[in-house]
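**Student:** Each residue of the sequence shown is one higher than the last, beginning at 670 in our numbering.
Below: one structure in structure tokens.
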Amino acid sequence: MIYYKKLKPIQAITFDLDDTLYENTSVIVKAEQSLIELMHNQYPATRKVDKSFWRSQQKAHILSKPLLKNDMGELRRLSLESGFKALGLSGNELKTATNRCFEHFYFQRSNFKLNGNIHSLLKTLSDKLPLVAITNGNVDTNQIGLEGYFSACFKASVRLPMKPNIAMFDAAQAHLNIPHGNILHVGDNLPKDVYGAIKAGFQAAWYAEDRSMNIRNEKAPVLPHIQLSKLSQLLDLI
670 MIYYKKLKPI QAITFDLDDT LYENTSVIVK AEQSLIELMH NQYPATRKVD KSFWRSQQKA
730 HILSKPLLKN DMGELRRLSL ESGFKALGLS GNELKTATNR CFEHFYFQRS NFKLNGNIHS
790 LLKTLSDKLP LVAITNGNVD TNQIGLEGYF SACFKASVRL PMKPNIAMFD AAQAHLNIPH
850 GNILHVGDNL PKDVYGAIKA GFQAAWYAED RSMNIRNEKA PVLPHIQLSK LSQLLDLI
């Protein structure tokens, strides 16, 4: 554990999810591959296109509505719809294909189990003080077994833009009704989690589950208050 700044008393903790509580990249890669396999099996027209086709759908939607970059779920749904439409689907067939593929991906995107130590830690923490999730992603917290630990979960959307925008931090603070400076945000991404938290007036703890932690290798616009070597060190702070 490395202290960079003095901590105030911690009355609540907010958590990033992806790559903080679990490694997320391999999960997304598997979900993407599962979606491709489903599309190729059920919708032969998709065999004629590659990933660049679907990326071009996303880019077109973001160009027409830039705020969509904050809502990966809606962006994916719209991209599936426009992509299938470009491949010749229409009417009920278009609607069914879009919904089926959208739901398949988001099931697979949350189709993993958390380390038992994470469950134990969150249970202990949640018994002592309120916890809130703040994520730029859209994992299904109920499917992965996190629902019972958090009093709220804020996910990036058009209305609540992605971190480092302070909108989700402010929403969490309003939900908790605790002073900004007494809330500790824990996240893996220094430009998004740490910078966003500090900009919002929170305290910030840096912890990454998906990589070795050397702050010299990171893009760090600001330093966190504290760097954790393991998440269980949070118990020493409360």
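Quick reminder that beta carbons are idealized off the backbone N, C-alpha and C, glycines included.
Being a predicted model, the structure only gives us computed values, none of them experimental.
What residues are listed by DSSP as bridge partners for residue 852?
**Tutor:** 681
**Student:** Determine the contact status of residue 770 and residue 815, defining contact as a CB-CB distance below 8 Å.
**Tutor:** no
**Student:** CA-CA distance, residue 755 and residue 730?
**Tutor:** In this structure, the straight-line span from the alpha carbon of residue 755 to that of residue 730 is close to 14 Å.
**Student:** Name the one or two DSSP bridge partners that residue 956 has.
**Tutor:** Lying outside 670 to 907, the shown extent of the chain, residue 956 is not represented and no answer is given.
**Student:** Any idea if residue 807 is buried or exposed, counting beta-carbon neighbours within 10 angstroms, 16 or more meaning buried?
**Tutor:** buried
**Student:** When you compare each of 740, 745, 855 and 777 to residue 813 by their alpha carbons, which one comes out closest?
**Tutor:** Of the candidates 740, 745, 855 and 777, the one whose C-alpha sits nearest the C-alpha of residue 813 is 777.
**Student:** Let me check understanding here. Comparing Cα to Cα, which of 871, 880 and 774 lies closest to residue 891?
**Tutor:** 871
**Student:** Over the uninterrupted alpha helix (DSSP H) stretch that includes residue 711, give me the two end residues.
**Tutor:** 694–711
**Student:** Rounding to the nearest angstrom, what Cα-Cα distance links residue 824 and residue 848 in this structure?
**Tutor:** 21 Å
**Student:** Could you compute how far the alpha carbon of residue 708 sits from the alpha carbon of residue 760?
**Tutor:** 18 Å
**Student:** Anyone know if the C-beta pair for residue 862 and residue 869 falls short of 8 Å?
**Tutor:** no
**Student:** Could you pull the start and end residues of the beta strand (DSSP E) that residue 889 belongs to?
**Tutor:** It is not in any beta strand (DSSP E) - residue 889 carries neither H nor E in the DSSP assignment.
**Student:** For a quick check, are the C-beta atoms of residue 906 and residue 888 less than 8 Å apart?
**Tutor:** No.
**Student:** Classify residue 902 as helix, strand or coil using the three-state DSSP reduction.
**Tutor:** Three-state DSSP puts residue 902 in a helix.
**Student:** Are there 16 or more other CB atoms within 10 angstroms of the CB of residue 799, so buried, or fewer, so exposed?
**Tutor:** buried
**Student:** Could you compute how far the alpha carbon of residue 845 sits from the alpha carbon of residue 835?
**Tutor:** Approximately 15 Å between the Cα atoms of the pair.
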